[in-house]
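Asks: Numbering (the numbering used here), first residue to last: 410 to 771.
Yeah, the Cβ is synthetic: ideal placement off N, Cα and C, and Gly gets one too.
Got a structure here, written out as structure tokens. Questions coming.
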Ligand code: SF4
């Protein structure tokens, strides 16, 4: 367990896991061997496993087990079941996973509710198979493909559902390879990713053909205590600017929106900072996604065990229970709080970033 979220050390720029566990099957793929070479060159301890079973051998102490798991990268093969794409409303038509897990320590992390087991990061070695499966989904989907407002984005593939692909990029090269693959794919399709990291240097010179949209996942500087191990907000905004200058379509994922004390001023400053950074950017193609903080009993239990000292409010104050279409329940802000947040943010964005298209509020 982490005693105090605010005291969790930031990993140095460019995450380095303590060890990489490579399964035997993963090393049968060229991309897997390249990841192993990159990690080895960066000084990561390499463990080549005799088979495909991951033996994590984590300590019994929960705090040490968490720290150890977060410092572990596993190189594995995505099985066919993982390569069958799922819809991912309201972001994109389809979810495509290049990896699962994330090295950061956000005290609201949605992965706590969606990924089971110790929080290691798994990177997929069979990237070619994953990408080669995408054309079968072209022209299908219900989010951008069937939307008059978003059809121009083509069939969309979201790569940030179960990971932060930019956080892993120095070690894996998977995101660069996927961007280049979409650049070569002469089709009405788009790769999408969002990130709380900022090292975009390897992406700037890729022949992306405008078929990848990067969004910076942002919260105000004042709430940085909830986002341990991520890049400073100013660096994320700077990364977005560099990507726009390199011709990429870009976006803001303002997430999760937190109604903590001082939120109005904090989000107002954030939007002003973005506007200043993107001012006079030629040919700007900017979208905004607005996602409020939510949790369920399962994710709260996991997050409480990982970050017991976190100041993030996960009580029932200002909350109502919402039932999903799959029958599960989640705690979202009540109608009055939602209205205040939404009215403020939409107005502020319209004023400061008039060229931005807001894709959704949730
Ligand atoms: Fe979770 Fe995103 Fe934070 Fe990573 S950066 S810990 S995926 S919320």
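1. Of all the alpha helix (DSSP H) runs that stay within the bounds of the stretch 452 to 513, which reach a length of 4 or more residues?
2. Name the DSSP bridge partner or partners of residue 636?
3. Let me know if residue 735 comes out buried or exposed under the rule of 16 or more other beta-carbons within 10 Å of its beta-carbon.
4. If you measure between the beta carbons of residue 505 and residue 441, is that distance less than 9 Å?
5. In this structure, does DSSP put residue 555 in helix, strand or coil?
6. Confirm the yes/no value for this check: CB of residue 636, any heavy atom of the ligand SF4, distance under 8 Å.
7. Taking the DSSP output, what are the residues bridged to residue 809?
8. Give the secondary structure of residue 567 by DSSP, where H, G and I count as helix, E and B as strand, and everything else as coil.
9. Taking C-alpha atoms, which residue in 646, 689 and 630 lies nearest to residue 673?
10. Classify residue 748 as helix, strand or coil using the three-state DSSP reduction.
11. Using only the alpha-carbon positions, how far apart do residue 622 and residue 495 sit?
12. So for residue 683, helix, strand or coil by DSSP?
13. Any heavy atom of the ligand SF4 inside 8 Å of the beta-carbon of residue 626?
14. Hey, would you say residue 500 sits closer than 9 Å to residue 601, going by beta carbons?
15. Take residue 590 as the anchor and find which of 540, 560 and 436 has the nearest alpha-carbon.
16. Leaving out the 5 sequence neighbours to the left and right, which residues in its chain are closer than 7 Å to residue 678 when beta-carbon positions are compared?
17. Quick one, which of 542, 439 and 760 has its alpha-carbon nearest residue 582's?
18. Which same chain residues, not among the five before or five after residue 432, have their C-beta less than 6 Å away from its C-beta?
19. So for residue 715, helix, strand or coil by DSSP?
20. Let me check understanding here. Comparing Cα to Cα, which of 577, 666 and 638 lies closest to residue 752?
21. So, for residue 445: in the same chain, excluding its five sequence neighbours on each side, which residues have a beta-carbon less than 6 Å away from its beta-carbon?
22. On the three-state DSSP scale, how would you describe residue 439?
23. By a C-beta neighbour count over all protein chains shown, 10 Å radius and 16 as the cutoff for buried, is residue 513 buried or exposed?
24. Return the chain-ordered list of same chain residues with a C-beta closer than 7 Å to the C-beta of residue 648, the five sequence neighbours on each side being excluded.
25. Does at least one heavy atom of the ligand SF4 sit under 8 Å from the Cβ of residue 514?
26. Which same chain residues, not among the five before or five after residue 593, have their C-beta less than 7 Å away from its C-beta?
27. Comparing C-alpha positions only, which one of 519, 584 and 493 sits nearest to residue 617?
28. With burial defined as no fewer than 16 other Cβ atoms inside 10 Å of the residue's Cβ, what is the status of residue 569: buried or exposed?
29. If we ignore side chains and look at the alpha-carbon of each, how far apart do residue 661 and residue 627 end up?
30. How would you write the range of the beta strand (DSSP E) that residue 433 sits in, first residue to last?
31. Would you list the residues sitting across from residue 532 in a DSSP beta bridge?
32. Which residue wins for smallest C-alpha separation from residue 573, given the options 534, 424 and 771?
33. Taking 9 Å as the threshold (C-beta atoms), are residue 699 and residue 518 in contact?
34. Taking one C-beta from the stretch 645 to 659 and one from the stretch 683 to 700 each time, how about it: are there three or more such pairs within less than 8 Å?
35. Round the Cβ separation of residue 508 and residue 475 to the nearest angstrom and send it over; I've been treating them as touching at under 8 Å.
36. In whole angstroms, what is the alpha-carbon distance linking residue 767 and residue 453?
Replies: Well, looking at it:
1. 471 to 479 and 489 to 492
2. Bridge pairing for residue 636: 515 [DSSP].
3. exposed
4. no
5. coil
6. yes
7. Here the chain comprises residues numbered 410 to 771, so residue 809 is not present and cannot be evaluated.
8. Residue state, collapsed to three classes: strand.
9. 630
10. Helix, per DSSP.
11. 19 Å
12. helix
13. Taking the Cβ of residue 626 as the reference point, at least one heavy atom of the ligand SF4 falls within a distance shorter than 8 Å.
14. yes
15. 540
16. 629
17. 439
18. 458, 461 and 485
19. In the structure shown, residue 715 sits in a helix (DSSP, three-state: H, G or I).
20. Minimum Cα distance to residue 752 is reached at 666.
21. 431
22. Residue 439: helix per DSSP, three-state reduction.
23. buried
24. 607, 609 and 625
25. Of the heavy atoms belonging to the ligand SF4, at least one sits nearer than 8 Å to the Cβ of residue 514.
26. If we look at residue 593 and ignore the five residues flanking it on each side, it has no Cβ neighbours.
27. 584
28. buried
29. 7 Å
30. Counting along the chain, residue 433 falls outside any beta strand (DSSP E), and DSSP gives it neither H nor E.
31. Paired residue(s): 484 and 508.
32. 424
33. no
34. Output reads yes: the stretch 683 to 700 touches the stretch 645 to 659.
35. About 19 Å separates the beta carbon of residue 508 from that of residue 475, a gap too long to meet the 8 Å contact definition.
36. 41 Å
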